[in-house]
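Each number in my numbering comes from the position in the sequence shown (counting from 1) with 31 added on.
Working notes, structure below.
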Amino acid sequence: MEPANRRYPVGIQTFERIREENYLYIDKTDLVWKMTKESPFVFLSRPRRFGKSLLTTTLDSYFKGQKELFEGLKIMELEKEWERYPVIHIDLSEAKGCESASDLRDALLLLLKPETAVYGRDDDEKYPGSVLRGLIRRAYEKTGKQVVVLIDEYDAPLLEVLHEDDRLADFRRVMQEFYQPLKANEAKIRFCFITGITKFSQLSIFSTINNLTNISMDDKYAAICGITEDEFANDMAPDIEMLAKEYECTPDEMRAKLKLQYDGYRFAGKSPDIYNPFSLLKCFNQRKIANYWFESGTPTFLIRQMQQFRTDITTMESIEASATSFDCPTEAMTTALPLLYQSGYITIKDYDREADSYILSIPNKEVLTGFVYGLVPTYIGLDSGMVRDGFAIKFWRFMKKGDVDNAMAELKSFLAGIPYVEGFKKKLESVSNYEGFYEYTFWLIFNMLNFYARTQVKCAQGRIDVVLQMPDVTYVFELKVNGTAQEALNQINSKNYALPYETEGRKVVKIGVQFDRDTMTVGDYVVEGL
């Protein structure tokens with residue numbers, strides 16, 4: 032299909048509709064088939080807007096035997112039987128906003144109502160769990176077939192009360208009662224699939240379901256949601272060419288832009304790089320590269336957990352961790368790392384199999400921008416609009432044309448005038464003698480300007496404080512609090528910090544900066560390379 036006639040399923044998560052109405056579909060049906068053959072009870076965690084609901088509705092159509100919807104897809108070479116099963120499909124995102132455990136029970140009963148219209152409900156079935164138990168039994172008896180149970184966004188009601196211990200405990204008990212029939216009726220269930228963002232432990236939520244297979248970090252299924260590099264390059268080649276014409280650049284240049292903006296997720300040690308499907312499809316639909324993942328805002332539960340655990344936001348670009356520390360059950364968290372990973376704010380970048388250790392980082396430019404503009408200002412109280420409108424444009428223009436003197440004057444004035452909120456002011460007083468605080472400040476403001484800035488960049492002879500890359504120039508900063516600006520510049524030269532960037536085709540400028548502890552802004556600086 033020509034790009035002009037392409038239909039992109041933005042906001043459409045129903046496999047049947049996508050296929051019947053000829054929307055673009057990236058074929059994952061070989062993985063769907065494989066998953067249904069390997070385990071009868073499966074759990075998958077992925078960030079929001081990553082295709083979990085589409086995957087669930089694909090399973091719905093597959094188990095209902097809707098063979099015609101799968102014509103031309105990979106599964107047609109694999110599936111020979113196309114047996115039909117009764118399907119109970121529940122989307123718990125519709126149970127959000129409950130004020131009490133009683134409200135949650137009522138919401139679950141309402142979600143089960145379409146299923147009871149088909150398979151009936153006995154008078155003694157008062158609670159969601161007993162209704163689900165009865166549905167499984169009657170569907171099995173009426174059809175003579177095992178039942179398929181699909182539960183999408185299982186954690187949606189729980190995330191809203193994650194920071195409230197009493198309500199969370201009450202809601203958890205309701206969900207325990209709801210899920211109990213899944214284990215008790217194992218013999219009547221052909222396949223059970225549960226999706227969500229976070230990972231609550233089997234003990235606390237799924238109760239006696241001790242045979243639930245978690246494929247969230249399984250290499251085989253790392254690409255079951257999202258768009259791989261191969262799928263991007265092959266299935267979306269016409270779309271890339273279309274957008275390249277829109278931006279008056281080559282297809283290769285456009286691929287690079289889209290990769291920087293939307294690629295970079297990895298969900299297992301051997302995972303390929305994965306593009307955010309929602310953002311990529313919306314980009315092609317709108318014909319504009321923008322930050323679409325954050326249109327609905329930063330999740331409140333994540334901000335609250337970061338504040339509760341006093342998360343060090345300066346470490347987000349390189350975190351070394353074991354799988355048990357970032358893929359652990361939600362109620363076993365001792366840091367916000369699991370929520371940051373499971374919500375998609377950080378992802379796997381590298382894996383050392385021998386040490387069983389992972390390197391985690393922010394996935395791409397879209398998430399970095401959303402993190403800086405949405406999460407960080409809310410977390411520390413710094414107003415991103417003030418940064419962008421009051422400082423950004425002048426600083427950006429000066430740096431772009433190499434006028435470091437005026438750029439540093441703007442930076443000095445800006446840092447001196449930041450009206451930090453009271454809670455952060457106390458933190459400022461305690462850390463202002465440390466170079467790391469200024470590295471963080473640089474990282475924050477540069478990324479609010481939509482530059483590509485990195486802090487604590489590893490190189491052969493140490494770590495570079497800040498690397499700022501612009502279209503025609505790379506700025507290498509060394510920051511000193513207990514030292515002089517010249518000592519900072521000497522360190523750049525003696526340790527060859529600029530060497531890795533001298534072959535990239537950009538001008539390389541070295542800047543040593545000394546900060547004044549009393550005024551908490553730029554005291555002195557020296558520049559080399561202009």
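Cβ coordinates follow ideal geometry from the N, Cα and C atoms, glycine included.
DSSP places Lys538 within a strand segment (E or B) once states are collapsed to three. According to DSSP, Arg485 shares a beta bridge with Val498. Leaving aside the five residues that flank Gly514 on each side, the residues in its chain whose CB is nearer than 7 Å to its CB run, in chain order, Gln545. Leaving aside the five residues that flank Val557 on each side, the residues in its chain whose CB is nearer than 8 Å to its CB run, in chain order, Ala516, Gln517, Ala519, Leu520, Ile542, Gly543. When the beta-carbon positions are compared, Pro117 and Leu140 stay at least 8 Å from each other. Per DSSP, reduced to three states, the secondary structure at Glu518 is helical. Here the C-alpha atom of Phe309 lies approximately 30 Å from the C-alpha atom of Arg203. In the DSSP assignment, Thr378 forms a beta bridge with Ser392.
Each of Ser70, Asn322, Met551 was checked against the Cα of Ile220, and the nearest Cα belongs to Ser70.
The C-alpha of Leu166 is placed about 7 Å away from the C-alpha of Glu146. Following the DSSP letters along the chain, one finds Ile121 inside the beta strand (DSSP E) bounded by residues 118 to 122. Classified as exposed, Gly103 has fewer than 16 neighbouring CB atoms from the shown chains inside 10 Å of its CB.
From the listed residues Asn322, Ala352, Arg136, the smallest Cα separation to Arg384 is found for Ala352.
Just so you know, the alpha carbons of Tyr56 and Phe315 end up roughly 14 Å apart. Excluding five sequence positions before and after Thr89, the CB atoms of its chain that fall closer than 8 Å to its own CB belong to Phe46, Lys59, Thr60, Val63, given in chain order. Look at Thr45 here: in three-state DSSP terms it is coil, with no helix or strand label. Residue state for Tyr93 is assigned as helix, using DSSP reduced to three classes. For Cys314, the three-state secondary structure derived from DSSP is helix. Thr355 counts as exposed, since fewer than 16 other C-beta atoms from the protein chains shown sit within 10 angstroms of its C-beta. Taken through DSSP and simplified to helix, strand or coil, Glu397 comes out as helix. Residue pairing for Phe222: DSSP places it in a beta bridge opposite Val179.
Per DSSP, reduced to three states, the secondary structure at Val192 is coil, with no helix or strand assignment.
Between Ser76 and Ile228, the C-beta spacing is below 8 Å. By DSSP's assignment, Thr229 forms no beta bridge with any residue.
By the 16-neighbour rule on beta-carbons within 10 angstroms, Ala363 is exposed. For Glu172, the closest of Val149, Tyr185, Leu442, Asp154 by C-alpha to C-alpha distance is Val149.
Taking C-alpha positions only, Asn265 is separated from Asp137 by approximately 47 Å. Minimum Cα-Cα distance from Tyr528 among the listed residues Asp549, Arg548, Gly536, Thr505 corresponds to Thr505. Going by DSSP, Ile350 is part of the beta strand (DSSP E) stretching over 350 to 352. Using a C-beta cut-off of 8 Å, the stretch 321 to 336 makes no contact with the stretch 97 to 111, since fewer than three inter-stretch Cβ pairs fall below that distance. Inclusion of Tyr296 and Met285 in the CB contact set at 8 Å is not warranted, their separation being larger than that value. Between Ala132 and Val178 a beta carbon distance of about 27 Å is seen, past the 8 Å cut, so the two are scored as non-contacting. Within the same chain, Tyr296, Arg297, Pro394 come within 6 Å of Thr378 by CB-CB distance, once the 5 residues on both sides are set aside. Nearest to Lys396 by alpha-carbon distance, out of Gln292, Asp381, Cys359, Asp283, is Gln292. Here Leu561 carries a coil assignment [DSSP, helix/strand/coil]. Taken in chain order, the whole alpha helix (DSSP H) runs of length 4 or more contained in the stretch 141 to 178 are 159 to 174.
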